[in-house]
Amino acid sequence: MSWTRKHLLDIESLSPEEIITVLDTASGFKDVGKRDIKKVPALRGKTVINLFVEPSTRTRISFELAAQRLSADVINFSAEASSLRKGETLKDTTRNLQALKADMFIIRHSAAGAPHFLTRFLDAHVINAGDGAHEHPTQALLDTFTIREKKGRLKGLNVTILGDVLFSRVARSNIWALTKMGAKVTLCGPVTLVPKIFEKLGCRVTHRIEEAIEDADVINLLRIQHERQRKTFFPSLNEYTALFGLSKERLARCKSDVLIMHPGPINRGVEIDSEVADCDHSVILEQVTNGLAIRMAVLFLVNGTRVPIEASA
Amino acid sequence: MSWTRKHLLDIESLSPEEIITVLDTASGFKDVGKRDIKKVPALRGKTVINLFVEPSTRTRISFELAAQRLSADVINFSAEASSLRKGETLKDTTRNLQALKADMFIIRHSAAGAPHFLTRFLDAHVINAGDGAHEHPTQALLDTFTIREKKGRLKGLNVTILGDVLFSRVARSNIWALTKMGAKVTLCGPVTLVPKIFEKLGCRVTHRIEEAIEDADVINLLRIQHERQRKTFFPSLNEYTALFGLSKERLARCKSDVLIMHPGPINRGVEIDSEVADCDHSVILEQVTNGLAIRMAVLFLVNGTRVPIEASA
Amino acid sequence: MSWTRKHLLDIESLSPEEIITVLDTASGFKDVGKRDIKKVPALRGKTVINLFVEPSTRTRISFELAAQRLSADVINFSAEASSLRKGETLKDTTRNLQALKADMFIIRHSAAGAPHFLTRFLDAHVINAGDGAHEHPTQALLDTFTIREKKGRLKGLNVTILGDVLFSRVARSNIWALTKMGAKVTLCGPVTLVPKIFEKLGCRVTHRIEEAIEDADVINLLRIQHERQRKTFFPSLNEYTALFGLSKERLARCKSDVLIMHPGPINRGVEIDSEVADCDHSVILEQVTNGLAIRMAVLFLVNGTRVPIEASA
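Residue numbers (the numbering used here), protein chains in the order written: chain E, 75 to 387; chain X, 75 to 387; chain H, 75 to 387.
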C-alpha cells in the first residue's frame, strides 16, 4: 500500500500507484457489503461531517453509509438550515465544526477549490465530494474500479465520455484517472459542451457520436441537467437526444461487450434510452455499489488507520 | 411463530395467526422499552432506509427508533431534497438505494400500491408505512395490540371507527385487522365520508353517532385533516364537531369501560374534546408506545432473524 | 459532586456548587475529546430528542455530538416538517415523543419558559438549549468553563458583556453564572439595548465602550442579529460598529491579557474586527470545544448515571 495523503482533494495529483491502492482497498470493503453484519470498527469513535453546501442526496447517503459501516459517528450538515445562511463564512463554519473535534470533512460545494481551501486552516481530513465543475474524485475512482472489475484491466481500453463535458466535474476526474491508468479517452457531445481545448488533457475530441462509440470498450454517459437547462448550449432536449442520446439503434452498432456507465440520476429517454439503461451492458447500479466500497476505502486510507479490516465483534 | 413473509405490505393478506404472531412478538419488544438499556442487537449491521416520500414526522421517528433499538443503521430519505425532485423515478431511486446494500425499505407514499410496486424489483424487505388511502398496516397492528392488551381479547368486541373513513388508510387497515380477529366493526361519520359501500367489508355503517357509540367497547377516532380541509365533504369544522365530535356529554353515554383511541395528531376541540383526550378512557399515548413495539416486531420478523431478543452485550 | 437535579432549565436557580460540579465534570469529558476513540458508554440505550422548534445548526450539532459520544441514540426533531406545523400543541407533541420512551428532551424554543413548561407533564429529563430571551444555560456554563480554564478563577474578575443585552438569553444566563461565581459584570451597548434596569441583577451598566473595556479581564461580545435587524434600536450597522465594535484600536487599550469571547456565529466587521476575532486573545473556538464537554457533562449529570467515565469497550 502506497498511501500517505491526509486528504483526497482531486485525481489530478494522484499517482497511478495511489489510484491502485484505493481500488485494491475498495475490493476488500466491497466484500464487507456482502456480509450479514456489514460493519467494521475501523473508524469507531471518529466524527465525520457530511458538509453538503450544494445539495446531493445520493452522494451524501453513500458517504453517510460508508462512514456508518466503518462505525464512525456522522453529522449531516446541509447549507439550508445553517449558520452559512446567516452570513458566516465557510472558513468560520468549518473551524467551528472542527472545534467540536470533527476528524473528517466530506465537502460538496458549488465553488471549485473549496475542499483545497479548507485544508489551509483545518487539521481534519478533507474529502472532496464534488467542487463546482472541477473534480469529483470518488466518482472517478468508482468508475475506474467498475471498469477494472468488469474488463480486468484499464490500460489500452477505449473509454468514451459522452455529454455535457464542459460543466462536468465527473468528466474531469474521469479524464485524469483514466489517462493516468493508460486508457484512451474520447470526449463527445455538442460543440458548445465539448470544446477542442480538452485535447490538451490527452483526450480525443469528436462531435460525431458514431465516431465516439464505434470502438469504445466503455461509454460513460453524463447527465443532462435539464432541471437547470442551459438554453444557450443546445437548442432542445429533443435535439440533444436525437444527436447524442444512447439509443438501442446506436447501442447495436457498439462493440458486443461494451460497458454502459452513468453517474446517475439518469434521465430515461434523454441521454439514454430506458431499455439501454436496463440492458446487460449497463453497470449503472454496480457503480452505486462500488461507490460505497470506494468511499469506505477513501475514509479508511486518509484516516491512516492501521486497524485490519475485520468483522466487528 | 408463523411468520414467513418477506414484506409487510398490508393487513388484507395476513392471516389471523400472522397477526397474532406480530402482536406476541411486540409484547416481548415492549419489555425492551422498559429496560435501562433499550437496545437489542437483532439487526446489527443491517441498513434500514426510511423512505418518506409523503412527510410524516411521528411515524418516521417511530420507525427510526424501532430500527435504532434493534441496532440497525438508519438512513432517513425524504422526498424534499432528493433525486426524486430531479425527476428520477421511484423505481430508479429505490434500486439505487438498494445498490448501497440496503436491507429494508420503510416507505410512506401518497400513491396506493407504492410498497407493492417496490417488491417487484427490489430484493430488500419492504414495509408499508402508509400508502395513499389504501393501508397503514403498522397502525392497525398497534391499535389491535392496544385493544387486546386492554380488553384481554378481540373476538366479539364492538369497535367503532369514527370520522373520515373514506380517505383513511388507518380505517381500512383497522377494518381488515379487526374483522379478521373477530371484532364487530361499526363505521360512523358524515354520509359523504362514510359511504354505505363499506358494508361490503363486513362492517356496520351508520351516520348517527349515538347509535355508533352506545354499545362500543372501543371508539377509534380518525383525524379530521383540517389543514387540507375537504370543503365539499362537510360544511364546516364546527358542524363536524357538533355532529360527530366526541364530547364529554357523548362520552357519558358510552359504556363505562369504553376505550378511546386516536392515531394522532389529535385536533383538540374538533373530533375530540380536550378533556376526553386526557381522560382515563383514553389510551392515545399508549398507542404511541405500542407502535414502537409493533414496529420493532415487524422489522424483526421480516428480517427473519433467528437471534433471540436479549439485551445487547 | 453535588448534583441532584433532574433537569437543566436555567442558571438562575443553580447554586455555585452546582455550577462547579458541571464545570468539573466537563473537565473530564473534555479529555474524552482528545482520545483516539472519543466515545464513552454512559448513555448507551438511552434516547435523546433534539427538539429544535427554533432553528440552530451549531447548538443542535453540539448537543447531537455530545449525545453520540455518550453512546445515546439521538433523534433530531425540527419544527419545520413536524406535527407542530399541523397545529398540534407542544404539550401533545412532546408527550407523544415521550411515549416512545424518550429519556431526554433538549429543547430550543422561541418562547421563554417552554422548557419549564415541559417539566410539568413529562417524566423525561429536560435541558434548555435556549428559550426566547430568557436563558441559555449551557452557553453560560461553557463561557464560565472557558474563563475559569484560562484565568484559573472566576472570583473577582471583571467581565464585560457587550452588545444586544436586552434580547439576549446568552447575556442573562452569563449574568447569573458570573455573579454567582463572584465575578464583576459590566454590561455595555446602546442605551436602547442595555437599559439601566439590568443593574438590579447586580451588574454595572455603561453606554461608553471605553469605560466598559479598559479594566476588563474578559470581553464577551454578543452577536448583532443583523439578519433580523431591529431598526428601532439603533440607526445602522455602521453606527453600531463605530460606537461598539471591538476594533484593533480598542483592543490595544484593553488589558494585555484580556480574553475575547463570542457565542458565535460572529459577524466579522460588525461587532468584531476580523483580526480581533483571530488574535491570540480570542478564545472563540475554544468556547466551541468546551461547549461539547459542557453538554456531555449536563447530559451525564441529569441522567444521574453512576457509570464511571471510561473508554468504551
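Just so you know, even glycine gets a beta-carbon here, dropped at the ideal spot from N, CA and C.
Segments of 4+ residues assigned as alpha helix (DSSP H) that fall wholly inside the segment 232 to 285 of chain H: 243 to 254
Counting only C-beta atoms, is residue 174/E closer than 8 angstroms to chain H at any point? yes
For a quick check, are the C-beta atoms of residue 146/X and residue 120/X less than 8 angstroms apart? yes
Proximal residues of chain E, C-beta to C-beta of residue 337/H below 9 angstroms: Per Cβ cutoff of 9 angstroms: no residues; residue 337/H is ~11 angstroms from chain E at best.
CB contact check: residue 119/X to chain E, cutoff 8 angstroms: yes
Exposure label - residue 262/X; buried when at least 16 CB within 10 Å: buried
With a threshold of 8 angstroms between beta carbons, is residue 377/E in contact with chain H? no
Cβ contact check for the segment 172 to 188 of chain E and the segment 320 to 336 of chain E: 3 or more pairs under 8 angstroms: no
Is DSSP giving residue 126/E helix, strand or coil here? strand
Chain-ordered residues of the segment 160 to 184 of chain X with a beta carbon less than 9 angstroms from chain E: 160, 161, 162, 163, 166, 167, 169, 170, 171, 172, 173, 174, 175, 176, 177
By the 10 Å Cβ neighbour count, where 16 or more other Cβ atoms means buried, how is residue 385/X classified, buried or exposed? Residue confidence is low: residue 385/X scores 43 on pLDDT, short of 50, so the model does not pin down where it sits. Its coordinate-derived value is still stated next. Exposed, because fewer than 16 other Cβ atoms sit within 10 Å of the Cβ of residue 385/X.
So that I know if they touch, is there some Cβ in chain X lying closer than 8 angstroms to that of residue 197/H? no
Residue 381/H versus residue 215/H - alpha carbon distance: For residue 381/H, the pLDDT reaches just 42, beneath the cut-off of 50, and the residue's location in the model is therefore unreliable, although a value from the coordinates is still provided. Each residue's Cα considered, the two are about 23 angstroms apart.
Run of the alpha helix (DSSP H) containing residue 149/E, from where it starts to where it stops: Note, residue 149/E: premise wrong, no alpha helix (DSSP H); beta strand (DSSP E) at 147 to 152.
Could you check the C-alpha separation between residue 241/X and residue 267/X for me, to the nearest Å? 8 angstroms
Classification of residue 204/H by the beta-carbon crowding that lies within 10 angstroms, buried from 16 upward: buried
Residue-level contact to chain X via CB, residue 107/E, 8 angstroms cutoff: yes
Residue 118/X: buried (16+ other C-beta within 10 angstroms of its C-beta) or exposed? buried
List the residues of chain H that residue 111/X touches, going by C-beta distances under 7 angstroms, in chain order. 118, 119
Taking only three categories from DSSP, how would you classify residue 98/E? helix
Quick one: grab the DSSP three-state call for residue 181/H. strand
What in chain E is Cβ-close to residue 137/X, meaning under 9 angstroms? Residues of chain E passing the Cβ test: none, with the nearest at roughly 17 angstroms.
Which residue or residues does DSSP assign as beta-bridge partners of residue 342/E? 346/E
Tell me the DSSP bridge mates of residue 293/E? 234/E, 334/E
Residues of chain X with CB closer than 9 angstroms to the CB of residue 151/H, please, in chain order. 131, 135
If you count every other CB in all the chains shown that lies within 10 Å of the CB of residue 277/H, and 16 or more means buried, which is it? buried
Cα separation between residue 99/E and residue 144/E? 13 angstroms
Quick one: does residue 147/E have its CB under 8 angstroms from some CB of chain H? yes
Per DSSP, residue 205/H forms a beta bridge with which residues? 183/H, 209/H
Using a C-beta to C-beta distance shorter than 8 angstroms, which residues of chain E count as neighbours of residue 341/H? 161
Could you work out which residue in 352/X, 345/X, 269/X, 338/X is closest to residue 131/X when comparing CA atoms only? 338/X
Using a C-beta to C-beta distance shorter than 8 angstroms, which residues of chain E count as neighbours of residue 213/H? By Cβ distance, chain E contributes nothing, its closest Cβ being about 14 angstroms from residue 213/H, past 8 angstroms.
Report all residues from its chain with a CB closer than 7 angstroms to the CB of residue 372/X; omit the five preceding and five following residues, and keep chain order. 82, 96, 201, 212
Span of the alpha helix (DSSP H) around residue 324/E: 322 to 326
Residue 228/H and residue 249/H - do their beta-carbons sit closer together than 8 angstroms? no
Contact belief for residue 123/H with residue 186/H at Cβ below 8 angstroms, rounded distance in angstroms: Between residue 186/H and residue 123/H the Cβ distance is about 20 angstroms, and since that is not below 8 angstroms, they are no contact.
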